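Numbering (our numbering), first residue to last: 466 to 1047.
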């Protein structure tokens, strides 16, 4: 009898452990507990520009600074039926299972999914019955697919209502139409938002890959009575969700782009609550985020930095280190995953025909329908990850550099190879390079700092420029150097200690510049003045002889003692026998 009893207890315990191994993500005070029952830090990104297309990523600021205006242009020139066709083509390419698989392979575990309400329900002005809710299949089917992919690739999803009925923000982030009542000016819009969330929660209540519901993204609206309408709307949404779903975490965001919690209720809104903030272009100091930590302590809940980024690698690594090590925040998601710039996980290549025709329309001319549609198709297809450029230095800044101070080679080089100047090491400023400008802090009262003046290829302070006509380079060179800057390269020397020559390909527009080179912190060249070559890309080669190199890993640093030198490549070659004295 005892044996059967203990077997039953053991079986029950196995059942509990089995359930915990595939549970819902949950909150435990200021911490998160993952599906495996272990402590969890969400490290993720946003698939911004997928369901909610933003003008700065579409290159459509101006006449087309809202998604609905862009759609009107398509309808006007190409035909109404092309709007839905473009939508499908765009979302199919901008994010699909290949993207989800890629994120998992890189080491991310979370994806915040910005949603547009119009793919789930009709706007209030199109409802045939006053106050009714008509459901649209497109949005639900898209999220169904997201869940399939997330489950397959072990990614957690945060469903984010990025564009609410009527628009929750006066800016261009939520497809707000100034000619119609906003979310805050029309009770039917708020009722629709509540109904949409109830419908979403009912559909995904059993989806364990869905970690949380992010209820209203970035409100930016003047609301009276200490934001009372915002807090009351959150309460209404949470109440509706809990009617059908008691499994999932809910996330709230403050006013003024998620950062103003004035008037936030003293009573915790829900037992499964996360408080979210967004951070751009601010200092990465503990004082700057202390208020967030105080909120976490007061409400005994986790903090989620749901958006940050669009800055340099140094800024990005510094803020993640601040979030996790100094403050113990449980979750972050950089913004965005994909755009046409190098400070993103994946860079989309610009399409000239699309940019030219959009510019033509912005200036008041109506493009040819066939040409515009072909350009739209090309632009949509350019979003596919197979046609994009993976920015490994930015990924390194997100996932390695916050926790590891080592420098890694950008490319694997050996002695004898041409080592391109743009391929300096991946690592922190002061370890992989030193540059006078390395990040922007424009939201702390400073002007925007263009930390990389050439604005190409890599996302550090080292200034790079493109030169596609130079067949002897990798297509990029280091320029805009300043006194005291330096760059490091890690290369391998498989040979025993020997003498080498060192060739440096450089250009000096005018005057002179001074350079010194070290290997493993030992000077191997004297301070050398290099005279004008007659132009910024008029390249010359300087050679130093008799440089003794040890076998193994070499850390080569090029010091710009006096500025003005552009760097193309260097090479350690012509090995000769070293004497014992050397």
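No residue lacks a Cβ here, since even glycine has one placed at the ideal position from N, Cα and C. The structure presented is a predicted model; accordingly, all values stated were derived computationally and were not measured.
Residue 683 burial status per 10 Å Cβ neighbour count (16 or more: buried): Walking along the chain shown from the start, residue 683 turns up at place 218. Looking at its Cβ environment, which holds 16 or more other Cβ atoms inside 10 Å, residue 683 is buried.
Beta-bridge partners of residue 988, as assigned by DSSP: Against the chain shown, residue 988 aligns to sequence position 523. Answer by DSSP bridge pairing, in chain order: 983.
Between the CA atoms of residue 638 and residue 598 - distance to the nearest angstrom: Reading the chain shown from its first residue, position 133 is the one you call residue 598. Reading the chain shown from its first residue, position 173 is the one you call residue 638. Whole-angstrom Cα-Cα distance: 24 Å.
Contacting residues, own chain, Cβ-Cβ under 6 Å from residue 647 (five flanking each side not counted): Sequence index remark: in the chain shown, residue 647 carries index 182 (1-based). The residues are 631 and 632.
Buried versus exposed call for residue 600 [16 or more other C-beta atoms within 10 Å across all chains shown]: Here residue 600 corresponds to residue number 135 of the chain shown, with the count starting at 1. Flag for residue 600 reads exposed.
Burial state of residue 915 (16 or more Cβ within 10 Å): Within the chain shown, the letter at position 450 stands for residue 915. Counting Cβ neighbours within 10 Å, residue 915 comes out exposed, since fewer than 16 surround it.
Option in 556, 502 and 705 with minimal Cα separation from residue 848: Within the chain shown, numbered from 1, the residue matching residue 848 stands at position 383. When only C-alpha atoms are compared, the closest one is 556.
Contact set for residue 1029: own chain, Cβ-Cβ below 8 Å, skip 5 residues either direction: Taking the first residue of the chain shown as 1, we reach residue 1029 at position 564. The answer, listed in chain order, is 946, 973, 974, 975, 976, 977 and 978.
Of the listed residues 806, 753, 999 and 785, nearest to residue 775 (C-alpha basis): The residue labelled residue 775 in the question sits at position 310 within the chain shown. If we check each option's Cα against that of residue 775, 806 comes out closest.
Proximity below 8 Å, CB of residue 697 to CB of residue 715: Here residue 697 refers to the residue found at position 232 of the chain shown. Here residue 715 refers to the residue found at position 250 of the chain shown. No, Cβ-Cβ distance for residue 697 and residue 715 is not below 8 Å.
contact_flag[the segment 814-827, the segment 887-903] where n(CB pairs < 8 Å) is 3 or more: no
Of the listed residues 789, 1014 and 954, nearest to residue 966 (C-alpha basis): If you number the chain shown from 1, residue 966 lands on position 501. Looking at the Cα atoms, 1014 is the closest of the given residues.
Beta bridge counterpart(s) of residue 854 as assigned by DSSP: Walking along the chain shown from the start, residue 854 turns up at place 389. Answer by DSSP bridge pairing, in chain order: 812.
Exposure of residue 761, with buried meaning 16 or more beta-carbon neighbours within 10 Å: Counting from 1 along the chain shown, the entry for residue 761 is found at position 296. Answer is buried; the Cβ neighbour count reaches 16.
Touching by the beta-carbon criterion (3+ pairs, under 8 Å), the segment 489-505 and the segment 764-774: yes
Selected residue, minimal CA-CA separation from residue 908, among 570, 870, 743 and 1001: Within the chain shown, residue 908 is the residue found at index 443, counting from 1. Checked all of 570, 870, 743 and 1001; the closest Cα to residue 908 is 743.
Whole-angstrom distance between residue 671 and residue 738, CA atom to CA atom: Working through the chain shown from its first residue, we reach residue 738 at position 273. Working through the chain shown from its first residue, we reach residue 671 at position 206. For residue 738 and residue 671, the distance between alpha carbons rounds to 18 Å.
Option in 937, 919, 939 and 923 with minimal Cα separation from residue 930: Within the chain shown, numbered from 1, the residue matching residue 930 stands at position 465. Residue 930 has its Cα closest to that of 919, out of 937, 919, 939 and 923.
Limits of the beta strand (DSSP E) - the one that residue 1016 falls within: Along the chain shown, read from residue 1 onward, the residue named residue 1016 stands at position 551. Careful: residue 1016 lies outside any beta strand (DSSP E) and carries neither H nor E.
Cα-Cα separation between residue 827 and residue 543, rounded to whole angstroms: Taking the chain shown and counting its residues from 1, the one referred to as residue 827 is at position 362. Taking the chain shown and counting its residues from 1, the one referred to as residue 543 is at position 78. So the two alpha carbons sit approximately 16 Å from each other.
Residues bridged to residue 973 (per DSSP): Position 508 of the chain shown, counted from the start, is the residue given in the question as residue 973. Residue 973 pairs with 1030.
Cut-off 6 Å between Cβ atoms - residues of its own chain near residue 921, not counting five sequence neighbours on either side: If you number the chain shown from 1, residue 921 lands on position 456. Correct list, in chain order: 929 and 931.
Residue 799, enclosing beta strand (DSSP E) - first and last residue: Looking up residue 799 in the chain shown gives position 334. Taken as a continuous stretch (DSSP letters only), the beta strand (DSSP E) holding residue 799 covers 796-799.
Under the three-state DSSP convention, the category residue 804 falls into: Within the chain shown, numbered from 1, the residue matching residue 804 stands at position 339. Three-state DSSP puts residue 804 in a strand.
Secondary structure, beta strand (DSSP E): runs of 3+ residues fully inside the segment 690-768: 714-718 and 738-744
Beta-carbon spacing of residue 940, residue 1031 below 8 Å: For the purposes of this step, residue 940 is identified with residue 475 of the chain shown, where counting begins at 1. For the purposes of this step, residue 1031 is identified with residue 566 of the chain shown, where counting begins at 1. It is not a contact, given that the beta carbons lie outside the stated cut-off.
Residue 588 - DSSP class collapsed to helix/strand/coil: By one-based count along the chain shown, residue 588 stands at place 123. Looking at residue 588 - three-state DSSP - the assignment turns out to be coil, as it is neither helix nor strand.
Endpoints, the beta strand (DSSP E) within which residue 996 is located: Taking the first residue of the chain shown as 1, we reach residue 996 at position 531. 993-996 is the extent of the beta strand (DSSP E) around residue 996.
8 Å contact criterion, which residue 956 and residue 1016 should meet: CB distance rounded: Numbered from 1 along the chain shown, position 491 holds the residue referred to as residue 956. Numbered from 1 along the chain shown, position 551 holds the residue referred to as residue 1016. The pair is not a contact, with the Cβ atoms about 12 Å apart (cut-off 8 Å).
For residue 628, the residue or residues it bridges with in DSSP: What you label residue 628 is simply residue 163 of the chain shown in a count that begins at 1. In DSSP, residue 628 forms a bridge with 581.
Beta-carbon proximity list for residue 997, same chain, < 8 Å, skipping 5 on both sides: By one-based count along the chain shown, residue 997 stands at place 532. Taken in chain order, the residues that qualify are 973, 974, 975, 976 and 977.
Residue interval of the alpha helix (DSSP H) (run including residue 879): As a first step, residue 879 must be located in the chain shown, where it is residue number 414. That residue, residue 879, is in no alpha helix (DSSP H); it is neither H nor E in DSSP.
Straight-line Cα distance separating residue 1004 from residue 971: Translated into the one-based positions of the chain shown, residue 971 becomes position 506. Translated into the one-based positions of the chain shown, residue 1004 becomes position 539. So the two alpha carbons sit approximately 5 Å from each other.
Meets three-Cβ-pair contact criterion under 8 Å: the segment 773-791 and the segment 521-535: no
Cβ shell of residue 538 (< 7 Å), same chain only, five flanking positions each side left out: Numbered from its first residue, the chain shown carries residue 538 at position 73. Within the same chain, residue 538 has close Cβ partners 529 and 826.
Residue 773 versus residue 727: straight-line alpha-carbon distance, rounded: As a first step, residue 773 must be located in the chain shown, where it is residue number 308. As a first step, residue 727 must be located in the chain shown, where it is residue number 262. Those two C-alpha atoms are separated by around 21 Å.
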